[in-house]
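**Q** If you want the numbering used here, it's the 1-based position in the sequence shown plus 1192. Backbone N, C-alpha and C define an ideal beta-carbon position, used for all residues, glycine too. Dropping the structure in here first, questions after.
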Amino acid sequence: MVIEDVEALLREKRVFEPSVSFKEQANIKNEDVYKKASEDLESFWAENAEKLHWYKKWDKVLEWNLPYAKWFLNGKINACYNCVDRHIKEKGNKAAIIWEGELGETRVLTYIDLYREVNKFANVLRSIGVTRNDVVTIYMPMIPELVIAMLACARIGVPHSVVFSGFSASALQVRINDAGSKFLITVDGYYRRGNVVNAKDTVDEALKNTNVEKVIVYKRVGNQINLVENRDLWWHELMKDVPLYCEPVQADSEDLLFIMYTSGTTGKPKGVMHTTGGYMVGVNTTTRYIFDIKDNDIFWCTADIGWITGHSYIVYGPLSNCATILMYEGAPDYPSFDRFWEIIEKYKVTIFYTAPTAIRTFMKWGDEWVKKHDLSSLRLLGTVGEPINPDVWVWYYNTIGNGKCPIVDTWWQTETGMVLITPLPGITKLKPGSATFPFPGIVADVYDDNGNPMPPNEKGNLVIKTPWPSMLRGLYKDPERYVETYWSRYKDAYLTGDGAAKDEDGYFWLMGRMDDVLKVSGHRIGTMEVESAIVSHEKVAEAAVVGMPHEIKGESIFAYVILKEGIQPSKELEDDIKEHVKKTMGPIARPDNIVFVSDLPKTRSGKIMRRILRSLLTGGELGDVTTLRDPSIVDELKEKVKEKLGKT
Ligand code: WTA
1193 MVIEDVEALL REKRVFEPSV SFKEQANIKN EDVYKKASED LESFWAENAE
1243 KLHWYKKWDK VLEWNLPYAK WFLNGKINAC YNCVDRHIKE KGNKAAIIWE
1293 GELGETRVLT YIDLYREVNK FANVLRSIGV TRNDVVTIYM PMIPELVIAM
1343 LACARIGVPH SVVFSGFSAS ALQVRINDAG SKFLITVDGY YRRGNVVNAK
1393 DTVDEALKNT NVEKVIVYKR VGNQINLVEN RDLWWHELMK DVPLYCEPVQ
1443 ADSEDLLFIM YTSGTTGKPK GVMHTTGGYM VGVNTTTRYI FDIKDNDIFW
1493 CTADIGWITG HSYIVYGPLS NCATILMYEG APDYPSFDRF WEIIEKYKVT
1543 IFYTAPTAIR TFMKWGDEWV KKHDLSSLRL LGTVGEPINP DVWVWYYNTI
1593 GNGKCPIVDT WWQTETGMVL ITPLPGITKL KPGSATFPFP GIVADVYDDN
1643 GNPMPPNEKG NLVIKTPWPS MLRGLYKDPE RYVETYWSRY KDAYLTGDGA
1693 AKDEDGYFWL MGRMDDVLKV SGHRIGTMEV ESAIVSHEKV AEAAVVGMPH
1743 EIKGESIFAY VILKEGIQPS KELEDDIKEH VKKTMGPIAR PDNIVFVSDL
1793 PKTRSGKIMR RILRSLLTGG ELGDVTTLRD PSIVDELKEK VKEKLGKT
């Protein structure tokens, strides 16, 4: 969602304070934490780093050669050891993962169970020849084995690259090839709304053009699959005869922990790199401060582990705090609209973290689904992924939180690794729709295009001015793009790509992306990626994609398409192009609307004026169109859009 009406948002004046009882029990009760962190950033992070296990302490907390940061230099640490081994002695029988399958199956893995499985699987990886020079790609749905696979990689010091299981074969292939993976971990299939999704078929298709040598397949559904000789191996067979213990690698703080591909303004996905020490300190600390994690909490983050939210706040943050995580395999509306509330009641979930798009969907489904269940176990709510409308916030607060749970609206990105702008739930007075303040030690600001701070209540570019431990260390095999994307607009600050305004009380209000990145149902999608997918259709000559405001999804994908000479537009062709995008990228990228046009609004130098394409959809000011090569095209587009949206 891109918010243009800044004033309307800032008119929101409701304030919600944490209750006395929440405050009293909160991990962070004292505002001094902000002061302490800003006065001595390095001691703040060093103190928090002490909460983790280190084989060898760091020599130096931070080396900051803008834009390159190194944290906890020469420290030796293992992420898996921190998430598993160190909890075994005292909390071995505590549930680490409570898993609910889509069909209603339950599995509970204690920390000892997790320890055993991770150790064995780490040995499996070694047995098939995985070394520290590899990147292991993981393409799995929301099952505990995904966590086991990630932690096993971390245990032997091998970076993983988890690819969201909803991505198509070609999207998977691009990511495997960019990472140069020789090893892939996947499943036979999984359930989605009661149907079996044949993930292995997608994998087989993706592997036609890669250097993958070995594939480990976990049997989730037992569907008919094709096993390629000498390449495909069953998880359960490999696990039969491996030793129960695998010594964790003493990784350097700056060793790569994982790569996570995300969308940017060009067609090619970016491999965001996160390293071990700093990332672990960042997510461990924020889980304690923001999610107020306690020993008896049941923490449910509804994100998919295929995205950064799942990496940081299902796997590494909570497990390194010895928390119990809830993991759900399926869809929120299967078999009925109250599945989430049923799960909260069934497992007595205490902390619930989800996306605004999901909350808007729940609102639409109606309060009666919520009211059927006892949600009194909840004590803290969170949101992430896109701006939350104040009224949706208030609904979440009253209807799900029963007016007693603080809401942490957490702003962050794949690149930041951890939450950067957020309330601290025992301290912050909340304003609905505002992510409130930068986390202790983070300095954020709102700049105009020339790098001057904006006056209060005016929209500009959100920037971050201090380094933080879990900041990305670069883009995989693309060092120049790191500097160009994040550090070239301003010399002294990290460019987030988001629009924001700061009000007179210092609250940050996030306004959506300022670049060509969309947030569709919370999923991050580059317009260029969708355009490339559309243009790869044999009948298409050119395409331009923009986001259209959407009540539930935040934004939906709207495509203007020019067909090749002699091709006639038709409803069938429109559907065919939509399906083609779905097949090329995955269902999340399927355009909602396509209009066929004869040309696009281009400047004389050939640049497409997306501003106009967006304004046509919202009825906003078109602005100056005289610089267009052919200003008359605007009338045609207006007509086509009207025809399209009038009908839908
Ligand atoms: C958006 C997801 C407003 C933002 C963790 C950012 C948000 C992008 C919020 C990153 C929030 C995330 N309020 N917008 N609380 N949280 N965003 O990489 O536009 O999938 O740049 O990481 O999500 O998306 P990503």
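In angstroms, rounded to a whole number, what distance separates the CA positions of GLY1474 and PRO1761?
**A** Looking up residue 1474 in the sequence shown gives position 282. Looking up residue 1761 in the sequence shown gives position 569. So the alpha carbons of these two residues sit roughly 52 Å apart.
**Q** Compute every distance between the C-beta of ARG1705 and the non-hydrogen atoms of ligand 1, then say whether any falls below 7 Å.
**A** Reading the sequence shown from its first residue, position 513 is the one you call residue 1705. Correct: ARG1705 has its Cβ closer than 7 Å to ligand 1.
**Q** Any heavy atom of ligand 1 closer than 7 Å to the beta-carbon of GLU1578?
**A** Looking up residue 1578 in the sequence shown gives position 386. Result yes, Cβ under 7 Å from ligand 1.
**Q** Bridge partners for ALA1261 per DSSP, in chain order?
**A** As a first step, residue 1261 is located in the sequence shown; it is residue number 69 there, counting from the start. TRP1256.
**Q** Could you spell out the range, first to last residue, of the beta strand (DSSP E) harbouring ARG1841?
**A** Past the edges of the chain, shown from 1193 to 1840, lies residue 1841, and the structure says nothing about it.
**Q** Taking only three categories from DSSP, how would you classify GLY1372?
**A** Along the sequence shown, one-based indexing puts residue 1372 at 180. Coil at GLY1372, not helix or strand.
**Q** Within the same chain, show all residues whose beta-carbon is closer than 6 Å to that of PRO1661, passing over the 5 residues directly before and after it, in chain order.
**A** For this step, residue 1661 is matched to residue 469 along the sequence shown. The residues are TRP1237, TRP1263, GLY1470, VAL1473, GLY1474.
**Q** Please work out which residues of its chain come closer than 8 Å, Cβ to Cβ, to LEU1755, disregarding the five sequence neighbours upstream and downstream, and give them in chain order.
**A** One-based indexing of the sequence shown puts residue 1755 at position 563. Counting only Cβ-Cβ distances below 8 Å, and skipping sequence neighbours, we find LYS1731, VAL1732, ALA1733, PRO1761, LEU1765, PHE1788.
**Q** Can you have a look at VAL1675 and say buried or exposed, based on whether 16 or more other CB atoms are within 10 angstroms of its CB?
**A** The residue given as residue 1675 occupies position 483 in the sequence shown. Exposed.
**Q** Would you tell me roughly how many angstroms separate the C-alpha atoms of VAL1539 and ILE1726, rounded to the nearest one?
**A** Counting from 1 along the sequence shown, the entry for residue 1539 is found at position 347. Counting from 1 along the sequence shown, the entry for residue 1726 is found at position 534. Per the sequence shown, the amino acid found at residue 1539 is Tyr instead of Val. Those two C-alpha atoms are separated by around 44 Å.
**Q** For PRO1632, which residues in the same chain have their Cβ closer than 6 Å to its Cβ, ignoring the five residues on either side in sequence?
**A** As a working note, residue 1632 is residue 440 in the sequence shown. Only VAL1225, TYR1226, ALA1229 meet the Cβ criterion.
**Q** Looking only at its chain, what residues have a beta carbon closer than 8 Å to the beta carbon of ASN1476, apart from the 5 residues adjacent to it on each side?
**A** In the sequence shown, residue 1476 corresponds to position 284, counting from 1. Excluding sequence neighbours, ASN1476 sits near ASN1240, LYS1243, LEU1244, ASN1274, TYR1508, GLY1509, SER1512, ASN1513.
**Q** Reducing DSSP to helix, strand and coil, say where ALA1523 ends up.
**A** Start at 1 with the first residue of the sequence shown, and residue 1523 comes out as number 331. ALA1523: coil per DSSP, three-state reduction.
**Q** Looking only at DSSP bridge pairs, what is TYR1410 linked to?
**A** Counting from 1 along the sequence shown, the entry for residue 1410 is found at position 218. Paired residue(s): VAL1379.
**Q** Any idea if ALA1783 is buried or exposed, counting beta-carbon neighbours within 10 angstroms, 16 or more meaning buried?
**A** Indexing the sequence shown from 1 puts residue 1783 at position 591. One detail in the question is off: residue 1783 reads as Pro in this sequence, not Ala. Classification of PRO1783: buried, given that the 10 Å Cβ count is 16 or more.
**Q** Pick helix, strand or coil for HIS1729, following the three-state DSSP scheme.
**A** Translated into positions along the sequence shown, residue 1729 becomes position 537. Here HIS1729 sits in coil by DSSP.
**Q** Is it right to say TYR1247 is buried, meaning 16 or more other beta carbons lie within 10 angstroms of its own, or is it exposed?
**A** Taking the sequence shown and counting its residues from 1, the one referred to as residue 1247 is at position 55. By the neighbour-count rule (16 or more Cβ atoms within 10 Å), TYR1247 is not buried but exposed.
**Q** What whole-angstrom Cβ distance do TYR1699 and VAL1655 have, given they're in contact under 8 Å?
**A** Here residue 1699 is taken as the residue at index 507 of the sequence shown, counted from 1. Here residue 1655 is taken as the residue at index 463 of the sequence shown, counted from 1. With a Cβ gap of about 17 Å, TYR1699 and VAL1655 do not count as contacting.
**Q** Using DSSP bridges, identify the partner residues of LEU1154.
**A** Nothing in the structure corresponds to residue 1154, since the chain is present only between 1193 and 1840.
**Q** Can you check whether the CB of GLU1521 is closer than 8 Å to the CB of HIS1565?
**A** The count along the sequence shown starts at 1 and reaches residue 1565 at position 373. The count along the sequence shown starts at 1 and reaches residue 1521 at position 329. Not in contact: HIS1565 and GLU1521 (Cβ atoms no closer than 8 Å).
**Q** Mind reading off the beta-carbon distance from LEU1376 to VAL1354? Whole number of angstroms is fine, and I expect it under 8 Å.
**A** By one-based count along the sequence shown, residue 1376 stands at place 184. By one-based count along the sequence shown, residue 1354 stands at place 162. That pair is no contact at about 11 Å.
**Q** Measuring CB to CB, does SER1357 end up less than 8 Å from TYR1331?
**A** The sequence position of residue 1357 within the sequence shown is 165, counting from 1. The sequence position of residue 1331 within the sequence shown is 139, counting from 1. The answer is yes: Cβ separation under 8 Å.
**Q** From ARG1206 to LYS1621, what does the alpha carbon distance come to, in whole angstroms?
**A** Taking the sequence shown and counting its residues from 1, the one referred to as residue 1206 is at position 14. Taking the sequence shown and counting its residues from 1, the one referred to as residue 1621 is at position 429. Computed Cα separation, rounded: 10 Å.
**Q** Thinking C-beta only, is ILE1500 closer than 8 Å to VAL1611?
**A** Here residue 1611 refers to the residue found at position 419 of the sequence shown. Here residue 1500 refers to the residue found at position 308 of the sequence shown. Going by C-beta atoms, VAL1611 is not nearer than 8 Å to ILE1500.
**Q** Relative to the C-alpha of ASP1277, which candidate in VAL1310, MET1452, LEU1254 has its C-alpha closest?
**A** Within the sequence shown, the letter at position 85 stands for residue 1277. The shortest C-alpha separation from ASP1277 is found at VAL1310.
**Q** Kindly indicate which three-state DSSP category PRO1779 falls into: helix, strand or coil?
**A** As a working note, residue 1779 is residue 587 in the sequence shown. PRO1779 falls in the helix class under three-state DSSP.
**Q** Taking the C-alpha atoms as reference points, what is the distance between ASP1791 and ASP1816?
**A** Translated into positions along the sequence shown, residue 1791 becomes position 599. Translated into positions along the sequence shown, residue 1816 becomes position 624. Rounded to the nearest angstrom, the two C-alpha atoms are 18 Å apart.
**Q** Using a Cβ-Cβ cut-off of 8 Å (strictly less than) and excluding sequence neighbours within five positions of ASN1594, which residues of its own chain qualify?
**A** Start at 1 with the first residue of the sequence shown, and residue 1594 comes out as number 402. Within the same chain, ASN1594 has close Cβ partners LEU1567, SER1568, LEU1570.
**Q** If I follow the unbroken alpha helix (DSSP H) through CYS1493, where does it start and stop?
**A** Indexing the sequence shown from 1 puts residue 1493 at position 301. Counting along the chain, CYS1493 falls outside any alpha helix (DSSP H), though it belongs to the beta strand (DSSP E) covering 1490–1493.
**Q** Count the other CB atoms, across all protein chains shown, that sit within 10 Å of the CB of LEU1436; report buried if there are 16 or more and exposed otherwise.
**A** What you label residue 1436 is simply residue 244 of the sequence shown in a count that begins at 1. Exposed.
**Q** Which residues in the same chain have their Cβ closer than 6 Å to the Cβ of ASP1708, if we skip the five residues on either side of it in sequence?
**A** If you number the sequence shown from 1, residue 1708 lands on position 516. Here the set comprises THR1457, THR1719.
**Q** Leaving out five residues before and five after SER1267 in sequence, what residues of the same chain have Cβ atoms less than 7 Å from its Cβ?
**A** Here residue 1267 corresponds to residue number 75 of the sequence shown, with the count starting at 1. According to the sequence shown, residue 1267 is Gly rather than Ser. Contacts found: TRP1246, LYS1248, LYS1249, TRP1250, SER1445, GLY1469.
**Q** How many Å lie between LYS1252 and PRO1259 at the Cα?
**A** Numbered from its first residue, the sequence shown carries residue 1252 at position 60. Numbered from its first residue, the sequence shown carries residue 1259 at position 67. Those two C-alpha atoms are separated by around 18 Å.
**Q** Quick one: give me the first and last residue of the beta strand (DSSP E) that PHE1211 is part of.
**A** Taking the sequence shown and counting its residues from 1, the one referred to as residue 1211 is at position 19. Reading off the sequence shown, one finds Ser at residue 1211, where the question assumed Phe. Unbroken run through SER1211: none, as it is neither H nor E.
**Q** Under 8 Å: do the stretch 1765–1779 and the stretch 1208–1220 share three or more Cβ pairs, one atom per stretch?
**A** The stretch 1765–1779 vs the stretch 1208–1220: no contact.
**Q** Ignoring anything shorter than 4 residues, give me the alpha helix (DSSP H) runs that lie fully in the stretch 1326–1369, in order along the chain.
**A** For the stretch 1326–1369, whole alpha helix (DSSP H) runs of length 4 or above, ordered along the chain, are 1336–1347.
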